[in-house]
Amino acid sequence: MEGVTVTHLLENSKDSLSDNKVIELQDQNGLTVWFGRYFFKDICTTGICRMVRLWIFWDGTGHYLGIQLDENDPLTKSDHTPFGLQDYTRLDEIMADTVSILKDLRYEDLTVEQKVDKEEKGIFEVDGYSSATAPSLKEYVVDDAVFTCYTLWHTVYGETKTYIDGLLQDRINPTYIARLINGNSRQQLFALENIRYRNEYFPEFESRILDFITSEDKNIAEKSLSLITSEYLSDPKKQPGFVGLIKNARPAIKYEIIYKMQSVDDVSPDAIVLLLDLFYTGDISQGALNHIFRIVEKQMATDKSIKENKPIEERLEKLVSHPDPYTSRLTKNFIENTSWLR
Amino acid sequence: MRKYGLVLLFAIVANMVIAQSASLLVEAENFSKKGGWVVDQQFMDLMGSPYLMAHGMGVPVADAEMSVEFPATGKYDVYVRTFNWTSPWYEGEGPGKFQLRLNGEKVGSVLGCTGNEWYWQKAGKVDIKKKENVITLHDLTGFNGRVDAIYFTRDNIPPPNESETLAQFRKQLLNIPGEPQKAGEFDLVVVGGGVAGTTAAISAARLGLKVALIQDRPVLGGNNSSEVRVHLGGRIKVEPYPALGDVVKEIGPSRGGNAQPADYYEDEKKMQMVLAEENISLFTNYRAFAVKTEGSSITEVQARHIETSEELSFTAPLFADCTGDGTIGFLAGADYAMGRESRDEFGEPTAPETPDKMTMGSSVQWYSAEEKQPVGFPVFQYGVEFNDESAKQVTMGEWTWETGMNYDQINEFERIRDYGLMVVYSNWSWLKNFSTEKEKYANKRLDWVAYIAGKRESRRLLGDHILKEQDLTDFVIYPDASAPTTWTIDLHYPDPKNTEHFPDKEFLSIAVHKPIHPYPIPYRCLYSRNIDNLFMAGRNISVTHVALGTVRVMRTTGIMGEVVGMAASIAARNNTNPRSVYNSHLDELKKLMKTGVGKYEIEDMQNYNLGGSLGPKVDTIDIPPYDKD
């Protein structure tokens, strides 16, 4: 990919064996395509160590991107056989797991020593003991490569990542966020994540955030929705716009929008009317109707006058005679429980 | 309807007795105002009655109250049926203290803190000066004091305590008719309104059957109700019958999570979905207690209201036991198993070498809430001692808070549930009052503790096929392949770390999983092998202990219910029994399972707690034809 490379010096690196330069590739908009660092790593198994040389890359949001090895210098397992394609795929998954079980383990937790028969003793065993991967770890690592996985995971999430995260954080300002928000989905998520920690940016990006709530991309939709606070929704003018997003949102997001409205202390009659209308138009299914009634019931507890609201009453009357029996039944039950209609 | 008993005992024996023996029996669950006391019916088959319990989680609950009319003025001795629920673990006075009040005045001693089994505790004497009086149950501790009944007598003779005699005594004093009233005639009577029973009733009703659904609680959903708060588990819409699960989708909560706030479980959705079915007559708060049989068929189920004691009888050609405990089958004499089979019995690799009575346990889940100010909690030490090492430093407890694996989940169930309460309170008391880290808990308030225990296992009624481990692991597909089970073989055992601190008194469990491919359960597991007209759905179907490990989760039991409803419709239409559906109408059942009985276009929100099992074993499951020979 074309772009500009920038070199950063990682000063006082604890990893004195590895290159202390962090290379960054930026695109024409100044957004990072990747960061990379060349590592020399000792990977030790039962006292025997082997030097591994490789590039590790992170994307423009600081997430693990990949590993690059010299063709002639593959990763190997504890019996010195090289990694196969499946092993690399698995390794990639393990490296991408930010909350891997490896995170909180110590080197000595990785294996259990097993006594073996002298005849079965292999080249790596010492004094009749071998180190086998602790059984509880097997599903989290590449077979027979627990030390490699452990060492690389802690390299991926070690000082270099901290350094990269720092670089990125120093760049955060509205202009940079605006660039990110027009970038790819990873960058958009990164932008949203940063807005989350900087409330003051929210108004500037409000309309984009609301648009994102109806995104086909589940992660972006969920992340955007998470930025909508009770405080934001406490403004009655904002509520109908937010509720209206239901029309184009993914099914799970429709429910999340309704749950958000359930947490609001003062829901406007307009928003309630809109919810009921969205039910009637089929944009909200029967599965969520009880949740809408919960919103109304909660509102009734603080605002008795809502029972005088004609548009809501009209819609409830319509729902009582709805052709589907569940809707009709649920509405009748709501009306009875809340003594709504006189 | 208010109901209390008033008789002149032994009236026909001698006039001299009449004057002394005018008595009044008041059932606690019959109180018109229950205040903060809850109705607990879980053990009525064991101790004879539903009862009221002061489940205040350490805070005294509001008074229960009722106006009663005495037969005459004068002096009465008062007995209250209660007991000290901590007595299995603690010899001293128990925590469940309460008082009886008459017209606002205390009556005698503090009650509920003595006795190691249900008994008539002498409360004191009262002088009744007018016929109309108000009696009150006044809780003193919030720690589950309990009251079955109150008896006022001129004889100073307590009522009988032996179960059968007491049952007769109650009937007599409460004027309960000898024979229950007829609730009506139905095509299918479903007993148990958990997820399986609810889907069975809906499925059958949508296929045209007139259904009675009997549930012993005010809400539907069983373990998935707001009373127990276990989320649905397993998968719906799975091959070979992806239409199965449509009803589960309709009634299932849209959010997952164990021990979450009550709203998560959407009781109202289940209830209104049932009430929207014209063909279902719903009987909530009725608990089945007896059956009548003719030959090897059930002709009638009798059920008692858990608050009014009213009794109803239900007749139908077909019945479905969705009670969880296999109660209907048991009462009718159905074959059943309980506990773990030996490895030899079915050749199951996971079974123990010798059979035993161990089952999975019952969970009493709980959680706390954060307050702005420090909140106290009473010291609670009743025989299960905690220290900083053994205490669980947690602010909520979900399924792992599981008790009673080595006790009888039917006959010792009250003790099992009570031990669940005991350890929650004891642990919390330690954290709040003695822990070196008690500051962390200072503002925490115990907000919810289940008093309806979530049971995993008890009786398993035996059908024409008993599902075993190898059926699942070897993927043995039978001609009557039906409801797919998708969860791992998930068996629970006492947590060894918990055993270190509480040997033989464990209250935490571990789960051991064996993954399986989604597997269609044979239909023959869903009806009794020796009661001709009895279906089963839920955890009481025909499986071994090991196989129960996978089928017991509630999306799967819900799918079973759908299949049972379908099979019942075929049996009814052909005027035959569940076995004949297998023998002669299997194609009809397959057709219905293909079509499903979904009614509403509801999006699938059942994507939580799917379980980490294996993917499909094959692209298309080849169901072998049924060869009658």
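These protein sequence lines map, in sequence, to chains A and B. Following this note's numbering, the numbering of the first sequence begins with 1 at its first residue and continues without gaps. Following this note's numbering, the numbering of the second sequence begins with 343 at its first residue and continues without gaps. Where is the CB? At the ideal position from N, CA and C, for every residue including glycine.
Between the CA atoms of residue j and residue i - distance to the nearest angstrom
| i | j | result |
| --- | --- | --- |
| A:E11 | A:L91 | 29 Å |
| B:K471 | B:F494 | 14 Å |
| B:Q383 | B:S505 | 16 Å |
| A:S328 | A:V320 | 4 Å |
| B:I944 | B:I912 | 27 Å |
| A:L225 | B:D946 | 20 Å |
| A:Q169 | A:T162 | 10 Å |
| B:A404 | B:K714 | 24 Å |
| A:D42 | A:K218 | 40 Å |
| A:G128 | A:T151 | Low confidence applies to A:G128: its pLDDT is 33, below 50, so where it sits in the model is not reliable, and the reading given next is rough at best. Cα-Cα distance, rounded: 26 Å. |
| B:G520 | B:K513 | 8 Å |
| B:T657 | B:P500 | 37 Å |
| B:S374 | B:H397 | 18 Å |
| A:E297 | A:I257 | 17 Å |
| B:N748 | B:P694 | 15 Å |
| B:K345 | B:L366 | Reliability of the predicted coordinates at B:K345 is poor, the pLDDT of 41 falling under 50, and no value is obtained from them. |
| B:Q707 | B:V791 | 6 Å |
| B:I794 | B:D846 | 23 Å |
| A:A145 | B:T692 | 31 Å |
| B:L482 | B:F440 | 5 Å |
| B:Y968 | B:G805 | 18 Å |
| A:V264 | A:D235 | 10 Å |
Below-7 Å beta-carbon distance, residue i vs any chain A residue
| i | result |
| --- | --- |
| B:M896 | no |
| B:Y865 | no |
| B:Y942 | yes |
| B:V359 | Caution applies to B:V359, whose pLDDT of 31 falls short of 50 and renders its modelled position unreliable; the value that the coordinates give is listed next. Output row for B:V359: interface = no. |
| B:Q948 | no |
| B:S545 | no |
| B:Q614 | yes |
| B:A618 | yes |
| B:E713 | no |
| B:E945 | yes |
Residue-level contact to chain B via CB, residue i, 7 Å cutoff
| i | result |
| --- | --- |
| A:Y38 | no |
| A:Q86 | no |
| A:Q299 | no |
| A:N290 | yes |
| A:Y140 | no |
| A:Y255 | yes |
| A:Q68 | no |
| A:S263 | no |
| A:S339 | no |
| A:S100 | no |
| A:S230 | no |
| A:S285 | yes |
Identified DSSP bridge partners for residue i
| i | result |
| --- | --- |
| A:E24 | A:V6 and A:F35 |
| B:H927 | Beta-bridge pairing links B:H927 to no other residue. |
| B:N949 | DSSP lists no partner for B:N949. |
| B:N475 | B:V410 |
| B:H647 | B:Y628 |
| A:M261 | In the DSSP output, where bridge partners are listed per residue, A:M261 has none listed. |
| A:K41 | A:V52 |
| B:V368 | B:I492 |
| B:W431 | Its beta-bridge partners do not exist; DSSP assigns none. |
Cβ-heavy atom distance, residue i to the ligand ZN, below 6 Å
| i | result |
| --- | --- |
| A:I101 | Among the ligands in the structure shown, none appear at all, so the ligand ZN cannot be discussed. |
Along the stretch 304 to 335 of chain A, where does the CB come closer than 8 Å to a CB of chain B? Name the residues.
D324, P325, Y326, S328, R329, L330 and N333
Run through the stretch 824 to 888 of chain B for me and flag every whole alpha helix (DSSP H) of 4 or more residues, listed as ranges in chain order.
838 to 843
Residues from the stretch 595 to 611 of chain B in contact with chain A, defined by Cβ distance under 9 Å:
S596, R597, D605, E608, E610 and K611
Could you tell me which uninterrupted beta strand (DSSP E) segments, each at least 3 residues in length, are contained entirely in the stretch 605 to 636 of chain B, listed from first to last along the chain?
622 to 626 and 628 to 636
Fully enclosed by the stretch 525 to 603 of chain B, which beta strand (DSSP E) runs are 3 residues long or longer?
530 to 533 and 553 to 557
For the stretch 232 to 252 of chain A, which residues have a beta carbon sitting closer than 8 Å to at least one beta carbon of chain B?
P251 and A252
Enumerated in chain order, which unbroken segments of the alpha helix (DSSP H) with a length of 4 residues or greater are wholly contained in the stretch 200 to 230 of chain A?
202 to 213 and 218 to 226
Runs of 3 residues minimum, wholly inside the stretch 689 to 725 of chain B: which ones carry the beta strand (DSSP E) assignment?
708 to 712
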